[in-house]
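The listed protein sequences derive, respectively, from chains A and B. Throughout, this note's numbering is defined as the position within the first sequence, counted from one, plus 644. Throughout, this note's numbering is defined as the position within the second sequence, counted from one, plus 644. To keep things clear, I will list the structure first and then write my remarks on it.
Protein chains: 2
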Amino acid sequence: MTDTRAYHHGDLRRALLAAALEAVGEVGPAALSLRDLARRAGVSHAAPAHHFGDKAGLLTALAAQGFDLLAQTLAEADDDLLEAGVAYVDFAVTHRAYFEVMFRPELYRADDAELIAARGRAGGALRSGVAALSSGGAPADTDRDSLAAWSIAHGFATLWLAGALPDRVGDNPREAARAVLRRLST
Amino acid sequence: MTDTRAYHHGDLRRALLAAALEAVGEVGPAALSLRDLARRAGVSHAAPAHHFGDKAGLLTALAAQGFDLLAQTLAEADDDLLEAGVAYVDFAVTHRAYFEVMFRPELYRADDAELIAARGRAGGALRSGVAALSSGGAPADTDRDSLAAWSIAHGFATLWLAGALPDRVGDNPREAARAVLRRLST
DNA sequence: AATCCTATCTTGCCATTGACAAGATGCGCC
DNA sequence: GGCGCATCTTGTCAATGGCAAGATAGGATT
C-alpha cells in the first residue's frame, strides 16, 4: 500500500497505521494484535509501542484519520442532505475498518486532542449539511433534524455492517440507504 | 445476584451468564475474560469451557438472552411505533451489556439456532409495531418504514452509547429519543 | 447394595499477547 | 569528530484462551 521502503529512518508510523487498517478489516478492531502489525511491517514486536504507546494509542490515531476522512467525504456532498446521508453510509461500508474503530471509544483515548479536533470537523460537516437543507424548506429545528438525520444514517450503516438487515434489502448499500433516508425528507 | 449456592450440581451456567453480563457492563464485550468469569463464580479457570465451549459460545448465549429480552420489551409497546422506538433506545441504555453483544456478531456464532430464533422474535415484534402504525395512516411501504424506524432508533441508541452525541442532547435518553423519533411521524 | 456411567468440574500445560525495561543503532547537530 | 536523541531490538513477565487428561459426584442399571 503506502511506501514501505524507508524503515529505520522513515515512515514506520505510517506503515503501521496502514497495516492496522488492513488488520482491522480482517479481524476487527478488538482482535487487533500489535505483534501482528509488527510482523506485517517487518519490525520487532516492540516497535509499535514506541510510536503509539499502546494499542489504545494506535487506535486513537486510526480513529482520528477516520474522522478526517469522513469530514472530507461529507463536505463533498454538503449541499444535499440526502446525498450526505448516502455518503455517510457509503463511507461506513467502504471504509469499514475506520468506521468500526471511530465509534468504539472504549478502544481508544477519547480525550486525545487531535481526535477531538477531527471529530469536530466531521460533526461540523454533518450539521452544515442539515442547515443547508432546512434553509430551503420550513424553518425547522436544526438541532433535532441533524440528530435525526445522523441517527438514521448511522443506524442504517451500523445495522448493515452488523449483517442484521434482512436479505430483501439487497446488496447495494447506497441504493438501500437512499430509499430509507428518503423517509426523512417526506 | 442470582442464586449462587448450588455449584457442583446446579446452575453454574446461569451463574456464569450473570457474571458475564456484569463483566461486559464493566469492561465491554471484547475485553471479557473467561478466567475472570470463573473467578467471579468461584470455579476453576476451565469450567466455563465445559458449558459454552469457548468465549464465542458464551457470548452467543448472552446475545440470545438479549434478543429475547428485547422482543419482550418491544411487545409491550407493540401498538405504538413511537413508544416502541423509545423502548428500543431505553433497552439499549438500560441493558447496555446485552445490546453491545447483540449487535457485534463477529464476537459470537451468528449461525446458532437458538440465537436466530430469538433474533427472529425480536424482529417480528419490531415489524408488527410498524405495521400497526401504517394501518392507521397512509398505505405506505411497511418494509421501508420498518427499516427507517429501526435505523433511526438503532442509530440514536448506538450514538448515545458511544458517547458521540453532543452535550446539548441532555442526559435523559427516553426524552431525547422521543424528540428525535417524532421526526419520523410528521 | 454394588457398579457403571455420564455430566460436571479441576489441574496442568502451551502458544500468544500486551506491556515494560534495558540495550543497540544510526542520524543529525554542535 | 563526538554527542545526543529518536528509533528500533532483545529479553522478560503476567494474563489469557484453549486443549488434554484426570478427578468427583449423583443417578441409573442390574
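All C-beta atoms in this analysis are idealised placements derived from N, C-alpha and C, irrespective of residue type, glycine included. Owing to the predicted nature of the structure, the values given are computational and were not obtained by experimental measurement.
Per DSSP, the unbroken alpha helix (DSSP H) holding G701/B starts and ends at K699 to E720. Shown here for A682/B: same chain residues with a beta carbon closer than 7 Å to its own, the five before and five after excluded, namely S688, H689, A691 and P692 in chain order.
Membership of E670/B in the alpha helix (DSSP H) is indicated by the continuous run L656 to V671. C-alpha of A797/B to C-alpha of I796/A: approximately 7 Å in a straight line.
The DSSP-derived three-state label of R788/A is helix. In chain order, A806, G807 and A808 make up the part of chain A whose C-beta sits under 8 Å from the C-beta of P749/B. At a C-beta separation below 9 Å, I760/B has no neighbours in chain A, since its nearest C-beta there lies roughly 12 Å away.
Residues of chain B whose Cβ lies closer than 8 Å to the Cβ of L803/A are, in chain order, F747, W794, S795 and H798. Going by DSSP, D680/B is part of the alpha helix (DSSP H) stretching over L678 to A685.
Residues of the region 658 to 679 of chain B with a Cβ closer than 9 Å to any Cβ of chain A, in chain order: V671, G672, P673, A674 and A675. A check of alpha carbon separations from P673/A across G768/A, A741/A and I760/A identifies A741/A as the nearest. When only Cα atoms are considered, A775/A and L718/B end up about 34 Å apart. Residues of the same chain with a CB within less than 7 Å of the CB of V668/B, apart from the 5 flanking positions on each side, are L676, A741, E744 and V745 in chain order. The C-alpha of R763/A is placed about 33 Å away from the C-alpha of R753/B. S829/B and A663/A have their C-alpha atoms some 45 Å from each other. Under the Cβ criterion of 8 Å, L828/A is counted among the residues facing chain B.
The shortest CA-to-CA distance from A707/B to any of V730/B, D724/B and D755/B is the one to D755/B. Relative to the Cα of L770/A, the nearest Cα in the group D655/A, L805/A and V730/A belongs to V730/A. If you ignore the 5 residues before and after D712/B, its C-beta comes within less than 8 Å of the C-beta of A762, R765 and A766, all in its own chain and listed in chain order. DSSP places A731/A in the uninterrupted alpha helix (DSSP H) bounded by L725 to T738.
The C-beta of D655/B comes no closer than 8 Å to any C-beta of chain A.
Take P817/A, set aside five residues on each side of it, and the residues of its chain with a beta-carbon closer than 7 Å to its own are V733, D734, V737 and W804, in chain order.
Each residue's CA atom was taken as its position, placing A705/B and L725/A some 40 Å apart.
Distance from the CA atom of D655/A to the CA atom of F747/A, rounded to whole angstroms, is 27 Å. Less than 8 Å divides the Cβ of L703/A from the Cβ of L751/A.
Contacts with chain B at 8 Å (Cβ-Cβ) do not include D698/A. Using a Cβ-Cβ cut-off of 8 Å, D723/A does not count as an interface residue toward chain B, since no Cβ of chain B sits closer than that to its own. Scanning chain B for C-beta atoms nearer than 8 Å to the C-beta of R812/A yields D787, reported in chain order. Among the CB atoms of chain B, one or more fall inside 8 Å of the CB of L791/A. Between the alpha carbons of H695/B and R657/B lies a gap of roughly 6 Å.
In this structure G773/B is buried. Its beta-carbon is surrounded by 16 or more other beta-carbon atoms within 10 angstroms. Membership of L825/A in the alpha helix (DSSP H) is indicated by the continuous run P817 to S829.
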